[in-house]
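First residue of the sequence shown? That's 1 in UniProt numbering, and the numbers climb one at a time after it.
Beta carbons are placed, not taken as given, at the ideal position from N, Cα and C, and that holds for glycine.
Here the structure is laid out as C-alpha cells; the discussion comes afterwards.
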Amino acid sequence: MHRFFIFLYYLISRNKILSVFTALGIAALCLFFASKINFEEDINQIIPKNEKSDLTAKVLKQLNFSDKIIVIIENKSSEDSFQLSETADTFLRKIEPLQRYIGTVQGKVNDNEISETFDFVSQNLPLFLNENDYKEIQEKLGKDSIARRIEDNYISLASPTSLVTKEFIKKDPLGLTFLGIKKLNALNISKDFKLEDSYIVTKDGKNLLLFIDPKNKSNDTKANETFVDELDTIKDNLNKQFKGKTEISYFGSPVIAVANAKQIKKDIQNTVVISMTVLLVLLIYYFRNFFTPIIVFLPTVFSVLLALMVLYFIKDKISAISLSVGAILIGITIDYALHILTHYKHNNNIEELYKEITQPIILSSATTAVSFLCLVFVRSEALKDLGLFAAITVILSSVTALIIVPQLYQPKHTEENHNTNFIDKIGSYPYEKNKPLIIGCSIVILACLFGFRHVGFNEDIGDLNYIPKEMKISEAKLQKLSDITSKSIYTISYGNSEEQALARNSQLNTFLEQEKKEGKILSYNSIGGIVLSEKDQQKKITEWKNFWNDSKKSQTVSELVSNGNKFGFNSSAFDNFNEILNKNYSTLTIRDYEKVKALQISEFMSHEKDFYTVSNVVKVDENKRDAFIKDIEKKHNALAIDRQQMNENFLGLLKRDFNTLINYSLLAIILTIIVFFRNFELTVLTMFPIVLTGVVTAGLLYFMGLELNIFSTVVCTLVFGVGDDFSIFLTQAMQKEHTTGKNELPTYRTSIILAVFTTILSIGSLIFAKHPALHSLALVALIGMFSVIIITSTLYPFWFRLLITNRAKKGLSPITFRLLIVSVISFLYYGLGGMLFSAVGSFFVKNSKGKTLDIIKLILAKFLTSVLYSNPFVKKKVIKNPNEDFSKPAVIIANHTSFLDTLAIAMATHKIIYLVNDWVYKSPVFGKLVRALGFYPVSQGIENGMDKLKEKIAQGYSLVVFPEAERSYTNDVKRFHKGAFYLAEQFELDVLPLYIHGNSEVLPKGDFIIYDGSITVKVGDRISKDDVAFGKNYSERTKKINAYYRDEFAKLREEIEDENYFKKQLFLSNLYKDNEVVTEVKKDFKTNKSVYFELNKHIATDANILHISDDFGQKDVLLTLYQASRRVFSWIRNDEKRATAAHNYLVKRRKIHYIKDLSEVNKSIDILLISDDSFDLNEIQVLPETIIFINSKNSGIESENYTLEFSSESLKVFKTK
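Written out as C-alpha cells, the structure reads:
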C-alpha cells in the first residue's frame, strides 16, 4: 500500500504546477456541487422510525407548538391596578415597531372582539349548548324566573352600564347566549385569571399578563436574537419609567433559546478561540514552521469539500443536523496530519516515512469510517446521513493527508537531538516501566469494572439548557401565579379528513371534561366543545328544534312581553330574541369559525396533504401524567405528547441507537483490524485499550456522580475513535520493535500526545463554559482523553511487551491465544489430577505390594499419558520393539529436553522407578506419591540409595535415568554422565535406550506453552551387560553408548523430520512481525522448502557457515533447527532485513551471528552459502572448501580449484578438488 503513495509523491513532485492547478480545480468543483446540496432542517429527521414514531413525526411536523413569550407586569405599589393597564398600554405601543417579529399579542380584549364573539355565539347558539344547558334554560323559562330576569335587565339598562352590555340585553334578554359563551372558557389560559380594564390579570389584581406569539420559531435564534434584544431594551426603559410602580419581566422558550445561543457563542469565544490560539502556537513551536497549522487543517478542509460533492451525487437531501454533529466528530481527522508531521520530523526519508505511517493511518481511518457506516443500520434518517458524511470525510482525510502533508512540509535534514523540547520529552518517557503508575492504573481499572455498568443517562434535555437567573425568577413568579408553567400535555386528535378529526376531538373533549371534574387534570384548553364536525352540529341543531316547540316559543315570548310592559318595554323590544328562537340554523365550516378572532382556530387546527390535526393543551400534575397519557392513547384515536417527555423518549431512542452503534462498530472495527493485521491476537491487543477506555470513562463518571447525555455520548464516540487510532499506531510501533528491535515508541507516542493536545484544547477547554451542555461535553471529553492517553501509553506497551516482545528477548517463542488456553487446560488437568493422585494414591501405595502396587503404577502411567492426550494438537506415537516387553529389569536411558519427557516414557511402560531431582521429589503436586512409589532423589547420592534401588529391581522394576543430567534447549543429544552406567554395572543390568523425539519443540526448556507438534517415543534395542563391544567398564560404556545413542537418534530424526517438520516453528518465530515479513517468509518457505531440505544434506552437522543473504533470516534458522551445532555467520546487505533476522527469538538459542561487515567473522569458515544475487564472489579474499549457491543467478565459479559436486535448478554445490 505504501508503494502507491511513494509513487504518487514522486509524481506530484515532478509536476508541481500541474498538481497545484489540479487541486484548485478539484476544490472549485467541490465547492460548486457542495453549494447545490439541499439541506433538510427538520429536527424530526433524527427520530428513529417505527410505526408509532412515524405517526408522531407526522403530527409533530404540522403541529404548531405555542412557544409564546409571557410578559409579566407586576404591581409594585399599594395603589389600585390601574397603573398595570397603563404600563401595559405603554408596552404595547413600544412594541408596535417590532411587528415583523410578532405574530399576535394576546392578553388584551377590546369591545369589538367581545361584540363579535357574542354575535357569533348568538347567531349560532344551538351549536354551543349541551344537555345541561337545556336544563338550565328550562328553569329560566318559569314565570317567576322570567319576571326576575326582566327586572334585573331594567336595572342594568337604567344604570351607567357600557353600551356593549345594553346591546347584549337587547339581543338576548334571558341571557341564553351566555350559556354558549361559557364554552369559550375552554380556550382560557387558566382559571386563576380575570378580565379587568380589557386585560388579563390575576385574581388578586397584582399581576397582568400579555402573551406574545413570535412569527419565528423558537429554534430560529438568529432572527429572534434581534427581537429579544429590542424587548430587553423596551423592558429596561419601562422599568426605569415606572420604577416603584410596576416591573416588567418575561419568560418563554424563544427567550431561553436566544439566551442559550448567546451563551454558547460567548463560551466559544472565551474558550475555544483562546485554546485554538494556544494550539497554533504549540504547533508552530514544535514543528518550527509558521505554516504548520495550515498544513494540519488543509487535508480536513479538502476532504469535507470532497465528501459534500460525493453526497450531492448520492443523496437528494442531507440532514443539516448530521453535518453539525459530523463537524464535531471529524475533529479526529486532523490527527492524521499530525501523525505524518511528527514522523516526518523525526525521519526525513520519504520512503521510510510512507512505509511507517501508511498502514496505521489507512487502518485508523478505515476502522473509524466503518464504525460510522454502521449508522446506516439505525432507523434515524439524520443518523444515516451522519454516518455517510463522517465515513466519507474520515477516509478522504487520511488519503488527502498522506498526499498533501509530505508535499507541503519539509523537515530539517540536519542531525539533531529530537528530545530538545518538552513534547518530545513527554513522548520519550517510558511510562510502561513505571511500576507505581501501572499498579495505580490497574487498581482504577478494577474499580471501574464494578462501576461502569451503573453510569446513568440523563434524558432530560431541560437540564442541558442554559437559563439565565432573571429567567428563573420569572418562571418562579409564573409558578406562583397559576398553573401556566405546570406540566403541559398536548393531546392531538387526527384524521384523514376535517370531519373525522373534529369528530374525534369532540369525543376527546367530553373525556377531558370528565377528567377535570374527577380532579385527574388541572385544566385544559380545547375547541372540542366549540368547533364541531358537521354531523355533531346537525345533531345540536336537531336538539334545539326539539326543545323549542311552537308552544314553548310563544309562551316564552308572551311572558317576556307581559313582564316587559310592567317596566315600560314596548312589544318590539323582544323581536331580536324572537328571531333567535325562530331562526333556521345551519351548520358552519371551519372558515366560519376562523372569522372570529377570539377563537384563534389556527392555534388549534392544522392540516397538510389530507392529514388533519386538532390539538388540546392539558395541565396535569406530574404524578398523574403517566396514567393520563395511557388513558388517552388507549381509549381515543389521539396522541398525547409531553414535549419534555417526548424529547426524553427520543433521546432514549437515540441512546439505544448509539448502544446498537457501539456493538456494530466494535464488530466492524474488529473485522477491519483483522483484515489489515491478518492476526486475531494483534486485533485483540489493539482492541484492549479501546474497551478499557470505555470502561474507565464510564466508571469514573459513575464514581464522580456524573451522567451521560446525548451530547456527551457523541463525544464518547469521538473519544473511542481517538482511542482506536492511538491503539493502532501503538500496535504499529510495538510490532516494529518486535520485528527489528528498534524502539520507535517515543516517536509514535509524541504524535499521539500532539493529537491529545489538539482534542483537549479544542473540546476540553469548554470545561470553563457556563452552558451546561458544553460543560458536560467537555468534562466527558477530558475524562475520556486522559483515560485514552494513560491506558495507551502505559498499560498497552506493558502488556504487549509482557506477552510478545519480552518472550522473544528471553529466547521464547511468540504464542497465540489458542496455544495459551490449551496449555493452561493441560497444566490444570495435570496439576489437579496430580494432587488428587498424590493425596489418595500415596495412602494405597504404602499398604500395597505385588499386583496391587503394579495396578496403581499402571493407573498412574495411564493418567500421565492422558495428560499428553489432553492436547489434541500434539500427535503422540510409540514405536515399539517386538523384542522388548520390559519384563526384565534394566537401566532405561533417554534423552532429556522437556518437562514432558517423564510423561512420554509412561506411554512405553509403567514398571519403572525414576531417579529424580529434588524439584520432582518435593513437588507439591506429585511429591507424596513419588516418595511412596520409591522414586529416588539423586541429590542424596547414589551410594546412599543402593539398597532401596536393589529392592525395587528385585520386584521387577527398571530404573529410568536421563544421562544428560539436565534438559537441553535443542534436539541435540549432549554428553552422557556416568551415573546411569555405573548403576547398570553395580546391579548387573542391561541398558535399554528410549528415544524421545519432538519434546524439544512441543515444550522447550524454560517455557510453559505446549506447542503444536508430535511426540514420538521409540523403544531401542537392549544393550546386554555382557556386550563388550560397548566397553568393559562403565566409563568406556558411557562414551560408546553415548555415540551409539546419537547415531540411532539421528536416524530417528531423519525418519521423522521431513521438509515440513520445522514449518510451524519457523512461522511462529515470525509471528506478530510486519505483514511484509510474515508474508515473505511463508511464501519463500512454500516455494523453496524442498531446496532447503536438500541443502541440509550437503552441510555437516557442526559446520561453520558464512551466509551471504538477502532474506529475513529464515534460511539461517532452518539450518540451525536441523542441526543446532552449526555456527552461522550471516551477512545481509539491507539494514532492516538484517535487524529483523537478528531479532528472531531462535537466534538466542542457536549459534547465529548477524554481521554488518565480513571482517567480523572470527571463525574458520567451512562453507560459503550464497543466496544474494547481487553479491560478488570477489569480495571474499579467502574462499572455503565448499561454496553453495541457492536460487542465485550468479551460480558459477571461475576457478579451476572447484568442481561442481551437486547441481539442481535451485541448488549448486562446489567443492575444492
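Helix, strand or coil, according to DSSP, for I465 in the structure here? Residue numbering aside, residue 465 sits at position 465 when the sequence shown is read from its first letter. This sequence places Asn at residue 465; Ile is not what is there. If DSSP states are grouped into helix, strand and coil, N465 belongs with coil.
Anyone know if the C-beta pair for I673 and L363 falls short of 8 Å? Numbered from its first residue, the sequence shown carries residue 673 at position 673. Numbered from its first residue, the sequence shown carries residue 363 at position 363. Closer than 8 Å, so yes.
For residue 1269, does the count of other Cβ atoms within 10 angstroms reach 16, so buried, or fall short, so exposed? With the chain covering only 1 through 1217, there is no way to say anything about residue 1269.
Residue range of the unbroken alpha helix (DSSP H) whose run includes V696: Working through the sequence shown from its first residue, we reach residue 696 at position 696. F680 to F703 is the extent of the alpha helix (DSSP H) around V696.
What span of residues does the beta strand (DSSP E) with H636 cover, start to end? Position 636 of the sequence shown, counted from the first residue, corresponds to residue 636. Run containing H636: none; DSSP gives neither H nor E here.
Alpha carbons only, please: which of H977, L31, I181 and I234 is nearest the one belonging to T90? Indexing the sequence shown from 1 puts residue 90 at position 90. Comparing Cα positions, the closest option is I234.
L819 and Y1011 - do their beta-carbons sit closer together than 8 Å? Here the question's residue 1011 lines up with position 1011 in the sequence shown. Here the question's residue 819 lines up with position 819 in the sequence shown. For Y1011 and L819, yes; Cβs fall inside 8 Å.
Relative to the alpha-carbon of D232, which residue among S218, K215, Q241 and V255 has its alpha-carbon at the smallest distance? On the sequence shown, position 232 is the one that residue 232 refers to. Among S218, K215, Q241 and V255, the Cα nearest to that of D232 is on V255.
Span of the alpha helix (DSSP H) around residue 1263: With the chain running from 1 to 1217 in the structure shown, residue 1263 is simply not present.
How many Å lie between N895 and K742 at the Cα? The residue given as residue 895 occupies position 895 in the sequence shown. The residue given as residue 742 occupies position 742 in the sequence shown. When rounded, the distance between both Cα atoms is 38 Å.
CA nearest to the CA of K36, picked from F313, S198 and H771: Here residue 36 refers to the residue found at position 36 of the sequence shown. Of the listed residues, the one whose Cα sits closest to K36 is F313.
Beta-ladder partner(s) of R1127, from DSSP: Counting from one through the sequence shown, the residue named residue 1127 turns up at place 1127. Per DSSP, N1104 and K1151.
Y585 in three-state terms, based on DSSP: Looking up residue 585 in the sequence shown gives position 585. In this structure, Y585 counts as coil in the three-state DSSP scheme.
In angstroms, rounded to a whole number, what distance separates the CA positions of I357 and H607? Walking along the sequence shown from the start, residue 357 turns up at place 357. Walking along the sequence shown from the start, residue 607 turns up at place 607. In a straight line, the C-alpha of I357 is about 58 Å away from that of H607.
Rounded to a whole number of angstroms, what is the C-alpha to C-alpha distance between T1186 and D1135? Reading the sequence shown from its first residue, position 1186 is the one you call residue 1186. Reading the sequence shown from its first residue, position 1135 is the one you call residue 1135. Taking the straight line from one Cα to the other gives about 27 Å.
What are the boundary residues of the beta strand (DSSP E) that includes Q500? In the sequence shown, residue 500 corresponds to position 500, counting from 1. Per DSSP, Q500 belongs to no beta strand (DSSP E); it is in the alpha helix (DSSP H), E498 to K517.
Which runs of the beta strand (DSSP E) spanning at least 3 residues fall entirely within the stretch 1155 to 1192, listed in chain order? 1167 to 1170 and 1186 to 1190
Please report the residue range of the beta strand (DSSP E) in which G495 lies. In the sequence shown, the residue the question calls residue 495 occupies position 495. Residues S488 to G495.
Of the choices T792, L992, E884 and G998, whose alpha-carbon is the least far from that of K876? Stepping through the sequence shown from its first residue, residue 876 is reached at position 876. Ranking the options by Cα distance to K876, first place goes to G998.
Do T897 and N971 have their beta-carbon atoms positioned less than 8 Å apart in this structure? Here the question's residue 971 lines up with position 971 in the sequence shown. Here the question's residue 897 lines up with position 897 in the sequence shown. Yes, these two residues count as a Cβ contact at 8 Å.
Measuring only the C-alpha atoms, how far is W799 from P406? The residue given as residue 799 occupies position 799 in the sequence shown. The residue given as residue 406 occupies position 406 in the sequence shown. So the alpha carbons of these two residues sit roughly 33 Å apart.
In terms of residue numbering, what span does the alpha helix (DSSP H) encompassing Q555 cover? In the sequence shown, counting from the first residue as 1, residue 555 sits at position 555. Counting along the chain, the alpha helix (DSSP H) containing Q555 begins and ends at D550 to K566.
Tell me, to the nearest whole angstrom, how far the beta carbon of V991 is from that of I912; I am working on the premise that it is less than 8 Å. What you label residue 991 is simply residue 991 of the sequence shown in a count that begins at 1. What you label residue 912 is simply residue 912 of the sequence shown in a count that begins at 1. Going by Cβ atoms, the distance from V991 to I912 rounds to 14 Å, so no, they are not a contact pair.
Determine the contact status of residue 1226 and A808, defining contact as a CB-CB distance below 8 Å. As shown, the chain starts at 1 and ends at 1217. That puts residue 1226 outside it, with no answer to give.
Three-state secondary structure (DSSP) at L396? In the sequence shown, counting from the first residue as 1, residue 396 sits at position 396. Helix.
Skipping 5 residues on each side, what residues in its chain have a beta carbon closer than 7 Å to that of K1193? By one-based count along the sequence shown, residue 1193 stands at place 1193. D1173, listed in sequence order.
Going straight from the alpha carbon of P48 to that of L375, what length do you get? For the purposes of this step, residue 48 is taken as the residue at position 48 of the sequence shown. For the purposes of this step, residue 375 is taken as the residue at position 375 of the sequence shown. Per-residue confidence for P48 stands at a pLDDT of 49, beneath the threshold of 50, marking its modelled position as unreliable; the derived number appears in the next sentence. The alpha-carbon atoms of P48 and L375 are separated by roughly 12 Å.
According to DSSP, which residues form a beta bridge with K948? Start at 1 with the first residue of the sequence shown, and residue 948 comes out as number 948. Partner(s): none; K948 has no beta bridge.
Sequence-distant residues of its chain with Cβ nearer than 8 Å to K520 (five each side left out): If you number the sequence shown from 1, residue 520 lands on position 520. Only V620, K624, A627 and F628 meet the Cβ criterion.
Backbone CA spacing between S506 and S533 [nearest angstrom]: Taking the first residue of the sequence shown as position 1, residue 506 is located at position 506. Taking the first residue of the sequence shown as position 1, residue 533 is located at position 533. Going by the C-alpha atoms only, they are around 8 Å apart.
Hey, quick one: how far does the beta strand (DSSP E) through A781 stretch, first residue to last? Position 781 of the sequence shown, counted from the start, is the residue given in the question as residue 781. First-last for A781: P772 to I790, but that is the alpha helix (DSSP H), not the beta strand (DSSP E).
Where does the unbroken beta strand (DSSP E) through I804 begin, and where does it stop? Position 804 of the sequence shown, counted from the start, is the residue given in the question as residue 804. Per DSSP, I804 belongs to no beta strand (DSSP E) and is neither H nor E.
Between which residues of its own chain and N871 is the CB-CB distance below 6 Å, once the five residues before and five after are set aside? As a position in the sequence shown, residue 871 is number 871, starting the count at 1. Around N871: V822, S826 and I1010.
Residue interval of the alpha helix (DSSP H) (run including S12): Walking along the sequence shown from the start, residue 12 turns up at place 12. One point to set straight first is that residue 12 is Ile, not Ser, in the sequence displayed. Unbroken alpha helix (DSSP H) run through I12: H2 to R14.
Cut-off 7 Å between Cβ atoms - residues of its own chain near Y593, not counting five sequence neighbours on either side: Taking the first residue of the sequence shown as 1, we reach residue 593 at position 593. Cβ within range, chain order: V531, L599 and I601.
Counting along the chain, where does the beta strand (DSSP E) carrying F251 start and finish? Residue numbering aside, residue 251 sits at position 251 when the sequence shown is read from its first letter. Residues T246 to G252.
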